[in-house]
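Heads up: the structure comes next, in structure tokens.
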Ligand code: GDP
Ligand code: MG
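Residue numbers (UniProt numbering): 4 to 443.
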């Protein structure tokens, strides 16, 4: 899966300050494979990769992230952006009745979706609604809608297969107008493949009814063919949105990106089951994560960061156990704190801050820690390893070298001594590992 593969690529990318053509190309190969595995159509993959590459090249890498992580972030952000608006509602603010026309191939889920939408409109939008079937070709298609509507407690207008689709629809509009029903959902026929007759018919319905919404219903399992049918329907009809069905199946959601890319129309709902309440608002983040094959891409980034921190914490803990925590380590910790956004932000994250003895960390602030760093920098290697040897003359030299005073050097040494004691105490309590993990 992509997270594992990118994990490998990440290692190779580590330690570079700026994204380059070369290291991006490697990551893009992985992204490309993941998208194809998720059934995003090839031309869409190509466009997407090109777009991400352009955005990524030359991008600076924040010190706290590796280049690989920056690439994943960009990929995820672009996926979300290209997938379009989140949860676009139905726009039914027209003179009633507002007509919703459903179009799509046979088996896409139009009839099921008609009833799901009716429930949503009745229960969530509090509008009166009826459904009608214009599918006069498939045997029992009309009965299917009636049966579904009965099951879901939705009202339907009768029709039969001897009528012409256009007549059924016109009659239905006239009827609901007379009855004062605010919304009419028109279910249409589909073919197994796009064909001219079907397109002509649904086009005629659309121009006659001037629907408030013309929705393209597509099966998310369509895979590579999604592009072809989306293109055909988008060219034939002024689509106002898309409903992607069967997202509860194995499909990785690539069709969402393909359809969005081809039509440019908002994905309004996801069908997530055969039951009539299985209709969800569309959230691009979720589908983007699904396409990338991860529960959540950002959690991968967090995971990588957490692991690096744990490694460091383990090394540090081992050192302290041997009694070897010295001023060099203290200096490292200060650097690390700065890297992570300074002491003040760190204190918020630190677990068990309450356990620390008063005086150890209670007067810390970022400026002070930077000063401590400067003082340590003015010490010799030997002094850092064995602070005990720092006598009066050494203190004077260190103070002069760091532009501080002997008092401040004394204060630092005292604080370091306190810190060592604190660590010993926490080691006994078993909280040390925890504390260091929190500190990075
Ligand atoms: P139509 O030919 O476009 O009208 O498609 P139907 O509404 O008859 O649906 C075709 C099949 O897909 C039926 O067996 C439905 O139960 C099933 N179906 C529709 N929507 C969903 C969905 O969101 N999830 C699942 N799992 N099945 C669905
Ligand atoms: Mg049908």
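Cβ atoms here follow ideal geometry from the backbone N, Cα and C, with glycine treated the same way.
At least 8 Å separates the beta-carbon of residue 273 from that of residue 119. The C-beta distance from residue 113 to residue 244 rounds to 14 Å, too long to fall under 8 Å, and the pair is not in contact. Taking one beta carbon from each stretch, the segment 255-273 and the segment 283-294 have 3 or more pairs nearer than 8 Å; the two touch. Secondary structure note for residue 204: it is in no beta strand (DSSP E), and the uninterrupted alpha helix (DSSP H) holding it is 199-212.
Taking a C-beta distance under 8 Å as the contact criterion, residue 102 and residue 187 qualify as a contact pair. With a threshold of 7 Å, the Cβ atom of residue 205 does not count as near the ligand GDP, since no heavy atom of the ligand is closer than that. For residue 140, same chain residues with a beta-carbon under 6 Å away, outside a window of 5 residues either side, are 192 in chain order. The alpha carbon of residue 377 has as its nearest neighbour, out of 216, 80, 90 and 407, the alpha carbon of 407.
Set against 7 Å, the gap from the CB of residue 113 to the closest heavy atom of the ligand MG is smaller.
Exclusion of residue 222 from the 7 Å shell around the ligand MG follows from its C-beta lying no nearer than that to any non-hydrogen atom of the ligand. The nearest non-hydrogen atom of the ligand MG is 7 Å or more from the C-beta of residue 146. The segment 150-159 makes contact with the segment 125-139: 3 or more CB pairs, one atom from each, lie closer than 8 Å. In this structure, DSSP gives residue 186 an extended state, which the three-state scheme calls strand. Nearest to residue 173 by C-alpha distance, out of 41, 189, 89 and 198, is 189.
Residue environment: residue 28 is assigned as exposed (fewer than 16 neighbouring CB atoms within 10 Å of its CB, all protein chains considered).
For residue 245, the uninterrupted beta strand (DSSP E) run begins and ends at 244-248, by DSSP. Runs of the alpha helix (DSSP H) spanning 4 or more residues and lying entirely within the segment 42-128 occur at 45-59, 70-86 and 113-126, in chain order.
The alpha-carbon of residue 400 is positioned some 19 Å away from that of residue 419.
Rounded to whole angstroms, the separation of the alpha carbons of residue 58 and residue 77 is 8 Å. Secondary structure of residue 159 (DSSP, three-state): strand. Secondary structure note for residue 217: it is in no alpha helix (DSSP H), and the uninterrupted beta strand (DSSP E) holding it is 216-222.
At a cut-off of 7 Å, the beta-carbon of residue 193 counts as near the ligand GDP: some heavy atom of the ligand is closer than that. For the pair residue 379 and residue 394, the Cα-to-Cα distance works out to about 15 Å.
Excluding the 5 residues flanking it on each side, residue 267 has no same chain C-beta neighbour closer than 7 Å.
Shortest Cα-Cα distance from residue 61 to any of 392, 292, 22 and 79 involves 22. Assignment of residue 136 by DSSP, reduced to helix, strand and coil, places it in the strand class. Between residue 53 and the set 32, 73, 41 and 411, the nearest pair of CA atoms involves 32. In the DSSP assignment, residue 39 falls within the unbroken alpha helix (DSSP H) covering 24-40. Relative to the Cα of residue 242, the nearest Cα in the group 257, 221, 100 and 127 belongs to 221. Take residue 166, set aside five residues on each side of it, and the residues of its chain with a beta-carbon closer than 7 Å to its own are 139, in chain order. For residue 252, the CB contacts under 8 Å within the same chain, skipping 5 residues up- and downstream, are 223 and 224 in chain order. Placement of the Cβ of residue 190 at a distance of less than 7 Å from at least one heavy atom of the ligand MG is found. In this structure residue 55 is buried. Its beta-carbon is surrounded by 16 or more other beta-carbon atoms within 10 angstroms. Excluding the 5 residues flanking it on each side, residue 176 has same chain C-beta neighbours closer than 8 Å at 100, 102, 187 and 212, in chain order. Nearest C-alpha to residue 402 among 389, 416 and 391: 416.
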